[in-house]
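As structure tokens, the structure follows; a few thoughts come after it.
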Amino acid sequence: MEGVPMRDGYGQALLELCRLHEDVVVVDADVAKSTRTEWIREKYPQKYINMGISEQDLVGTAAGMSLAGMVPFVSTYGVFLAGRAWDQIRNTVCYNSLNVKLGGAHAGISVGPDGGTHQALEDVALMRVIPNMMVVVPCDYKETYKATMAVYDRQGPSYIRFGRSAVPVITADETPFELGKAAVFRDGADATIFANGIMVYQSLKAAAVLEKEGISVQVVNVHTVKPLDAEMIAACAAKTQAVVVCEEHQCIGGLGSAVCEVLAQCCCVPVELVGIKDRFGESGSPDALLKAYGLSDLDVIAAVQRVLRRKK
3 MEGVPMRDGY
13 GQALLELCRL
23 HEDVVVVDAD
33 VAKSTRTEWI
43 REKYPQKYIN
53 MGISEQDLVG
63 TAAGMSLAGM
73 VPFVSTYGVF
83 LAGRAWDQIR
93 NTVCYNSLNV
103 KLGGAHAGIS
113 VGPDGGTHQA
123 LEDVALMRVI
133 PNMMVVVPCD
143 YKETYKATMA
153 VYDRQGPSYI
163 RFGRSAVPVI
173 TADETPFELG
183 KAAVFRDGAD
193 ATIFANGIMV
203 YQSLKAAAVL
213 EKEGISVQVV
223 NVHTVKPLDA
233 EMIAACAAKT
243 QAVVVCEEHQ
253 CIGGLGSAVC
263 EVLAQCCCVP
273 VELVGIKDRF
283 GESGSPDALL
293 KAYGLSDLDV
303 IAAVQRVLRR
313 KK
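Shown next as structure tokens:
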């Protein structure tokens, strides 16, 4: 399938938002080429500010801009944005419900050669625990574009997480997208896979293989981790009575934890988690790392088979 980096969708959406809205401003931590905000610097230089490698100052300045009526899009690597600037995000942005949009780039293990220091594997957990914060993990280029456009229309803080490498484009312009609403990408009766980010594609591949073995698997794209679509999650789990959650993030604190929190309260079914198992990242090619860390379609297939055995 065609591969396009999700960060391209972020950059293209920022270009469109700058064209449409006078109040949009893009602030960056000296990684404009990586985050695609260099496109804004070139076309709308008056709307672009490079704060340098100073993530805490980056977020604090964006907070001040929002109080002045602007809509700042903060752009840098997710590991540094969620980590180094967590205090400013919590106490300045979210505590005051400021209208600041955070773009966490180069997230997940598939960043590749940059290694463990640059691979954000904990950012969803760090962001979703903060009151007032929306957390969005789109699955491809087009959905990243839609998510970036959509958070502009939502008042309050939001965090969009996206990767570096080219990934298959599995959605289309006409594919529905609504913040806070999970979407069924494939229907099935035997088990449900809840996934987001690049793991939606891996899950769809796994479901296609399992179908040939007579196993019917439902695949649900949970692009919004917070607020979570609890109604959809409960309904799908009740339907199939077996759940697998797939994410390119630590199993602790991310989508898997969020789904289990819902199911523990309303629909107790067996759950298997496909994600990073309490490890730091390392350097390597994206495909090799996905296999090494148990995030390939074969790992998803194995998880479905395990949960079906538990279901019986």
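Each residue of the sequence shown is one higher than the one before, counting from 3 in the numbering used here. Just so it is clear, CB atoms sit at the ideal spot from N, CA and C, and this is done for glycine as well. A quick note: this is a predicted structure, and the numbers were derived from the prediction, not measured.
Rounded Cβ spacing between residue i and residue j (contact assumed at less than 8 Å)
i: G199; j: V137; result: Rounded, the Cβ-Cβ distance is 12 Å, inconsistent with contact.
i: G258; j: G283; result: The Cβ separation is near 18 Å, so there is no contact.
i: T146; j: Y12; result: 5 Å
i: V219; j: D192; result: 6 Å
i: K45; j: L17; result: 6 Å
i: I111; j: L292; result: 7 Å
i: K214; j: R130; result: So it is not a contact: roughly 36 Å between Cβ atoms.
i: G106; j: R163; result: 5 Å
Sequence-distant residues of its chain with Cβ nearer than 6 Å to residue i (five each side left out)
i: V325; result: Residue 325 cannot be examined here, being either before or after the span of the chain that is shown, 3 to 314.
i: G190; result: S218, V219, Q220
i: A208; result: D299, V302, I303
i: S160; result: K103, M136, V153
i: A149; result: V138, P140, I162
i: L181; result: A152, T226
Backbone CA spacing between residue i and residue j [nearest angstrom]
i: A31; j: S77; result: 7 Å
i: V6; j: Q14; result: 12 Å
i: T194; j: P47; result: 46 Å
i: I235; j: E250; result: 19 Å
i: Q252; j: V27; result: 32 Å
i: E274; j: K314; result: 14 Å
i: T177; j: E57; result: 34 Å
i: G165; j: V271; result: 31 Å
i: E124; j: A152; result: 24 Å
i: L265; j: A290; result: 33 Å
i: Y50; j: H108; result: 20 Å
i: L29; j: G216; result: Leu is not the amino acid found at residue 29; the sequence shown has Val there. Whole-angstrom Cα-Cα distance: 51 Å.
i: V186; j: V33; result: 35 Å
i: P288; j: V81; result: 17 Å
i: A127; j: K183; result: 19 Å
i: E40; j: N52; result: 10 Å
i: R156; j: F75; result: 13 Å
i: K35; j: Q267; result: 44 Å
i: L83; j: R188; result: 34 Å
i: Y295; j: G71; result: 44 Å
i: L206; j: Y79; result: 28 Å
i: F179; j: E233; result: 17 Å
i: I254; j: N134; result: 21 Å
Of the residues the options, the one placed nearest residue i, counting alpha carbons only
i: G85; options: G66, L69, A64, H120; result: H120
i: D280; options: G182, I42, N52, A122; result: A122
i: S99; options: I132, V306, T173; result: I132
i: T242; options: E176, D231, R312; result: R312
i: A244; options: A168, L17, F196; result: F196
i: L297; options: G71, R163, Q204; result: Q204
i: A168; options: N52, G114, I254; result: G114
i: G286; options: R308, G118, V186; result: G118
i: C96; options: A184, E40, V309, G158; result: G158
i: D231; options: G71, L206, A260; result: A260
Same chain, Cβ closer than 7 Å to residue i, five either side skipped, listed in chain order
i: C269; result: A236, A239, A240
i: R38; result: R9, D10, Y12, G13
i: R21; result: none
i: C262; result: V273
i: M67; result: V27, P74
i: I42; result: L16, L17, C20, V28, K49, Y50
Contacts around residue i, its chain only, beta-carbon distance under 8 Å, and the 5 residues preceding and following it disregarded
i: A305; result: V246, C248, E274, L275, V276
i: Y154; result: L19, H23, V26, V73, K103
i: K144; result: G11, V171, T173, A174, D175, T177
i: T94; result: V61, G62, A65, L100
i: R308; result: E274
i: L310; result: D192, A193, I217, A244
Practice task
Specify whether the segment 61-70 and the segment 81-96 touch according to this definition: at least 3 beta carbon pairs, one from each stretch, less than 8 Å apart.
Solution key: Result yes; three or more Cβ-Cβ pairs closer than 8 Å.
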